[in-house]
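Participant: The listed protein sequences derive, respectively, from chains A and B.
Positions 1 to 297 (the numbering used here) are the ones given, in order, by the first sequence.
Positions 298 to 574 (the numbering used here) are the ones given, in order, by the second sequence.
For glycine and all other residues, C-beta sits at the position ideal for the given N, C-alpha and C.
No experiment lies behind these values; they were computed from the predicted model shown.
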Amino acid sequence: MIEKIKRKVLEDPLFGYFLVAPIVLWVFATLFYPLLRAIYMSFLNIEFLGERGRFIGWENYARILGDKEFGLSFIRTLIWSGANVLLQIILAFFAALVLDLEFKGQKFIRNWILLPWVIPVIVLAMIFRWMLDPSLGVVNYVLEKTNIVSSPIPFLGSVDWVMITAILVNTWRWFPFYAVMILATLQIIPVQLYEAAKIDGASPFQQFCYITLPHIMPVLVTVILICSLWAVNVFDMIWLLTRGGPGNATQTFPIFIYQKGFQEYRLSQAATAAVFMFILLLIYGTVYLRTITLEEK
Amino acid sequence: MNTVKQFFQTLIKYLAVLLLLFILVSPIYWIFVSSFKPTPELIRVTPTFIPHTLTLFHYLGLLKETNFMRYFLNSIYVATGSSLLVVILTSLAGYSIYRCRYIGRYFFFHMLLAIYIFPRVLLLLSLYPVFAKVNLVDNLLSLVITYVGITAPFNVWIMRAFFTSVPLELEDAALVDGANRLQILFKIFLPLVAPGIAAVAINSFLMSYGEYLFASILIISDEYKTLPVGMAQFLQGYEISWGWLASGSVLIILPPVIGFAFLGKYFIKGLTAGAIK
Numbered sequence: 001m002i003e004k005i006k007r008k009v010l011e012d013p014l015f016g017y018f019l020v021a022p023i024v025l026w027v028f029a030t031l032f033y034p035l036l037r038a039i040y041m042s043f044l045n046i047e048f049l050g051e052r053g054r055f056i057g058w059e060n061y062a063r064i065l066g067d068k069e070f071g072l073s074f075i076r077t078l079i080w081s082g083a084n085v086l087l088q089i090i091l092a093f094f095a096a097l098v099l100d101l102e103f104k105g106q107k108f109i110r111n112w113i114l115l116p117w118v119i120p121v122i123v124l125a126m127i128f129r130w131m132l133d134p135s136l137g138v139v140n141y142v143l144e145k146t147n148i149v150s151s152p153i154p155f156l157g158s159v160d161w162v163m164i165t166a167i168l169v170n171t172w173r174w175f176p177f178y179a180v181m182i183l184a185t186l187q188i189i190p191v192q193l194y195e196a197a198k199i200d201g202a203s204p205f206q207q208f209c210y211i212t213l214p215h216i217m218p219v220l221v222t223v224i225l226i227c228s229l230w231a232v233n234v235f236d237m238i239w240l241l242t243r244g245g246p247g248n249a250t251q252t253f254p255i256f257i258y259q260k261g262f263q264e265y266r267l268s269q270a271a272t273a274a275v276f277m278f279i280l281l282l283i284y285g286t287v288y289l290r291t292i293t294l295e296e297k
Numbered sequence: 298m299n300t301v302k303q304f305f306q307t308l309i310k311y312l313a314v315l316l317l318l319f320i321l322v323s324p325i326y327w328i329f330v331s332s333f334k335p336t337p338e339l340i341r342v343t344p345t346f347i348p349h350t351l352t353l354f355h356y357l358g359l360l361k362e363t364n365f366m367r368y369f370l371n372s373i374y375v376a377t378g379s380s381l382l383v384v385i386l387t388s389l390a391g392y393s394i395y396r397c398r399y400i401g402r403y404f405f406f407h408m409l410l411a412i413y414i415f416p417r418v419l420l421l422l423s424l425y426p427v428f429a430k431v432n433l434v435d436n437l438l439s440l441v442i443t444y445v446g447i448t449a450p451f452n453v454w455i456m457r458a459f460f461t462s463v464p465l466e467l468e469d470a471a472l473v474d475g476a477n478r479l480q481i482l483f484k485i486f487l488p489l490v491a492p493g494i495a496a497v498a499i500n501s502f503l504m505s506y507g508e509y510l511f512a513s514i515l516i517i518s519d520e521y522k523t524l525p526v527g528m529a530q531f532l533q534g535y536e537i538s539w540g541w542l543a544s545g546s547v548l549i550i551l552p553p554v555i556g557f558a559f560l561g562k563y564f565i566k567g568l569t570a571g572a573i574k
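#1: Expressed to the nearest angstrom, what Euclidean distance is found between the alpha-carbon atoms of B:Ser379 and B:Val441?
#2: Does the beta carbon of B:Leu437 come closer than 8 Å to any beta carbon on chain A?
#3: From the DSSP output, in three-state form, read off B:Leu286 for me.
#4: Could you check what DSSP says for A:Leu99 in three-state terms: helix, strand or coil?
#5: With 16 as the cutoff for other CB atoms within 10 Å, does B:Ala390 come out buried or exposed?
#6: Using a threshold of 8 Å, state whether the C-beta atoms of B:Leu524 and B:Leu421 are closer than that.
#7: For B:Phe405, return the contacting residues in chain A, with the cut-off set at a CB-CB distance below 7 Å.
#8: For B:Gly561, which residues in chain A fall below 7 Å Cβ to Cβ?
#9: When DSSP builds the beta bridges, which residues end up paired with A:Phe55?
#10: With distances taken between CB atoms, is the gap from B:Val383 to B:Asn436 smaller than 8 Å?
#11: What ranges does the alpha helix (DSSP H) occupy inside the region 187-232 of chain A, keeping only unbroken runs of at least 4 residues that lie completely in it?
#12: Who are the Cβ neighbours of B:Phe405 in its own chain at under 7 Å, not counting the five residues just before and after it?
#13: Counting pairs of beta carbons, one from the region 194-207 of chain A and one from the region 116-123 of chain A, are three or more of them closer than 8 Å?
#14: Candidates B:Ile400, B:Ser372, B:Thr345: which alpha carbon is nearest B:Ser505's?
#15: Cβ of B:Leu317 within 8 Å of Cβ of A:Val98?
#16: Using the beta-carbon of each residue, which ones in chain A are nearer than 7 Å to B:Met366?
#17: To which residues of the same chain is B:Ile348 closer than 7 Å at the C-beta, ignoring the five residues directly before and after it?
#18: Taking the runs of the alpha helix (DSSP H) that are 4 residues or longer, which of them lie wholly in the region 93-152 of chain A?
#19: Do you know how far the Cα of A:Asn233 is from the Cα of A:Glu59?
#20: Please report the straight-line C-alpha distance between A:Glu51 and A:Phe43, rounded to a whole angstrom.
#21: Whole alpha helix (DSSP H) runs in the region 437-501 of chain B with 4 or more residues, listed along the chain?
#22: Quick check on the burial criterion: 16 or more other C-beta atoms within 10 angstroms. Buried or exposed for A:Arg235?
#23: Can you tell me whether B:Ala491 is buried or exposed? The criterion is at least 16 other CB atoms within 10 Å of its CB, across all chains shown.
#24: For A:Arg110, collect the residues of the same chain with a Cβ closer than 6 Å to its Cβ; drop the 5 residues on either side in sequence, then sort them by chain order.
#25: Are any of the Cβ atoms in chain B nearer than 8 Å to that of A:Ile119?
#26: In the structure shown, what three-state DSSP assignment does B:Pro348 receive?
#27: Please name the residue in A:Tyr40, A:Phe128, A:Trp112, A:Arg63 whose C-alpha comes closest to that of A:Val180.
#28: Checking contacts by CB at 8 Å: is B:Pro450 closer than that to chain A?
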């Protein structure tokens, strides 16, 4: 009798659809529809906002592929995301290992480690523009006083430095997020494993390689995927720190598309570049997940 | 011998903790003390690590001479509105996806996660003409609509742990007592998943409060600008007022930090549970 009621009520699919409908419709209207529309736009020749455009086939694609700046921004995107993922994971690992230790104030820091992530990007841009300023910035002052450098480094003003600076600032914002996720897995590794390893005479390094790493691998895979997808998509941090400059040195895909679309007003070409970016992300995501699921089997 | 070794282990441990603390806190400390320094001290070639004199000069200037308060209220409005809507949408969707059985629920779940490979600039390119058509450009509502779409899917994932941890027996008992599913959702689930709602609320608030990309294009007139777009103007030009930037930074940080102080632990719980599944 109870089973009957339960089955009847729980398996009423209409109710489930009814509850999930609002979010699905909302996401469809604000994300899926614009995506399709942008793909459509990439076949038109819209030159300014509000223009209807005319169908021109693959012309935009040919033009974008022949654009040298587009190729360069592709390479910059690779450097930007690769370095971000690497540094963020390393720093997140360090933070997670530290927070896994017993020390005074550990609970407090565990809660507040997300502080850099809580602060809006515009504030981070202002803070680091201020700290890294060549003439007034505290970072150059300390570096000069300690004789590490002889003349101030133009962190955000020179082509040689700006990319690495932006990468470091972005890393500072995001590593806590992944540290929390990695810490979560560290905490569910059974303590007995370490105790047994100690009795067998394993060094801390061996313990790390044979116990910690294998346990963390599944989460690390997820973290690397999320981390790289988000890194490729970063716009505001780069834009507010550098505006893509100096001399396009930090012009990654999102910056390239934004400038094409909203500064040069070549909307269709911007859409084409964005479609390329979408396809690359799609391929990356699928291949990455495929490889991982194959390895697990 | 052993005590020496232990001493060094403790020393290294606390050095690592200090290093982590330094990385996390030093930039925030620096902007905080800078905001209270009088201008001559602020732009001195040898900076003072502990300010000699404290002043509210920059704060008063920022509030009186700029539109900061306007931007601030706009940001709060947009973030609160989006956060409220996201909470409603994700509570309903969370219950549906994690607790109801029907064909297609996994599809919905994956669809919601898949949108994170959509480049945001791509969405902006085609959202602008759509909003222009319905006269919502230069209107804060367009931001609310967009932010809900962008932040809701990730928050469905955050809700997962909270919904799946409610024991099945509770639901069964209520069913036997003759409650219908809507009553179960509102009377049993919502109180139990309150921490999840808190996590979603703070997360979507933070994401909408600091969003720059969409706000920079969809808003045109100064009176509707949000904090990120309004403050970005101060970063341009040759004469940058560092005092305003510093005091503005501190004021902008306040609402997120206060919110996080109360609700942050729930978000961390959701993120943690999501990571280990």
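Facilitator: According to the structure data:
#1: 5 Å
#2: no
#3: Nothing about residue 286 of chain B can be reported from this structure: the residues present for chain B run from 298 to 574 only.
#4: helix
#5: buried
#6: no
#7: Val20, Val24
#8: Asn111, Leu114
#9: A:Leu44
#10: no
#11: 191-199, 204-207
#12: Ile394
#13: no
#14: B:Ser372
#15: yes
#16: Neighbours of B:Met366 on chain A: none; closest Cβ ~16 Å, over 7 Å.
#17: For the sequence presented, residue 348 of chain B should be read as Pro rather than Ile. Closer than 7 Å at Cβ, skipping near neighbours: Val330, Phe333, Lys334, Glu338.
#18: 106-112, 115-118, 121-131, 138-145
#19: 26 Å
#20: 14 Å
#21: 437-461, 465-473
#22: Looking at the sequence provided, one finds Phe at residue 235 of chain A rather than Arg. A:Phe235 should be labelled buried.
#23: exposed
#24: Leu99
#25: yes
#26: coil
#27: A:Trp112
#28: yes
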